[in-house]
Amino acid sequence: MDFRDMYEQFYQRVYYTALKVTRDACAAEDILQETFMKAHEKWEEIRDQGKAGAWLATIAHRKAIDYLRKEKRTQVVPLEEALTQPSKESPFSEVEHTCVLHQMEEGIRKRVSLLSPKLRDVFQLHVTRQMSEGEIAQELNISLSAAKSRLHRARKAVKGKMTEEWNFGEIA
Numbered sequence: 005m006d007f008r009d010m011y012e013q014f015y016q017r018v019y020y021t022a023l024k025v026t027r028d029a030c031a032a033e034d035i036l037q038e039t040f041m042k043a044h045e046k047w048e049e050i051r052d053q054g055k056a057g058a059w060l061a062t063i064a065h066r067k068a069i070d071y072l073r074k075e076k077r078t079q080v081v082p083l084e085e086a087l088t089q090p091s092k093e094s095p096f097s098e099v100e101h102t103c104v105l106h107q108m109e110e111g112i113r114k115r116v117s118l119l120s121p122k123l124r125d126v127f128q129l130h131v132t133r134q135m136s137e138g139e140i141a142q143e144l145n146i147s148l149s150a151a152k153s154r155l156h157r158a159r160k161a162v163k164g165k166m167t168e169e170w171n172f173g174e175i176a
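Residue numbers (the working numbering): 5 to 176.
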């Protein structure tokens with residue numbers, strides 16, 4: 005049996021072994037390639053080519069487990085979650101967490117101060133006094149739809165500027 009025959013005979017078995025472990029088709033394809041690359045490197049050393057299928061499945065299974073371990077270590081966490089739940093890994097993490105939150109609060113205050121007075125008033129009533137949209141409408145003698153619209157526009161403006169400045173999104 006040459007290498008090409010072995011590939012044709014076992015590629016599905018290797019792929020499905022990796023897929024069963026990872027539950028990720030792209031990862032299974034990568035593992036399939038890595039498995040056959042390793043098999044190609046060691047092809048001359050295989051004594052019993054009749055056991056090639058089991059050997060390939062074992063390699064694929066181990067590589068899939070390695071892949072899962074690696075993924076677990078480099079798990080992506082939403083930035084908002086990372087900021088609200090400081091890690092206990094570092095003695096500085098709580099201090100760092102506090103500093104980042106303080107910087108974010110300062111940034112929000114700065115952005116709110118740049119809003120038009122109409123938007124700023126609605127935003128501040130909602131955030132600082134925790135008033136509902138209906139209560140804001142009564143307080144400012146405006147319609148409920150105007151209060152909702154202004155609050156939406158204020159949030160959007162503050163979030164947009166913060167997103168640009170802080171590059172919000174996913175962190176690894």
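All C-beta atoms in this analysis are idealised placements derived from N, C-alpha and C, irrespective of residue type, glycine included.
Cβ pair residue i, residue j closer than 8 Å
| i | j | result |
| --- | --- | --- |
| Ala161 | Leu123 | yes |
| Ala22 | Ala64 | yes |
| Ala68 | Leu119 | no |
| Tyr19 | Ala32 | yes |
| Tyr71 | Ile112 | no |
| Leu105 | Asp125 | no |
| Met56 | Met108 | Going by the sequence as given, residue 56 is Ala instead of Met. Taking 8 Å as the Cβ cut-off, Ala56 and Met108 do not qualify as a contacting pair. |
| Arg115 | Lys76 | no |
Range of the contiguous alpha helix (DSSP H) that encloses residue i
| i | result |
| --- | --- |
| Arg17 | Phe7 to Thr26 |
| Ile35 | Ala29 to Lys46 |
| Lys122 | Pro121 to Thr132 |
| Glu182 | Outside the displayed range of the chain (5 to 176) lies residue 182, so it cannot be described from this structure. |
Own chain residues within Cβ distance below 8 Å of residue i, not counting five before or after
| i | result |
| --- | --- |
| Glu137 | His130, Leu148, Ala151, Lys152 and Leu155 |
| Ser117 | Arg124 |
Close-in-space but distant-in-sequence residues of the same chain around residue i (CB under 7 Å, 5 per side omitted)
| i | result |
| --- | --- |
| Thr132 | none |
Cβ distance (whole Å) where residue i is taken to contact residue j below 8 Å
| i | j | result |
| --- | --- | --- |
| Trp47 | Phe7 | 6 Å |
| Ala61 | Arg17 | 6 Å |
Cutoff 6 Å; reference residue i; Cβ partners in own chain excluding five residues on either side
| i | result |
| --- | --- |
| Lys24 | none |
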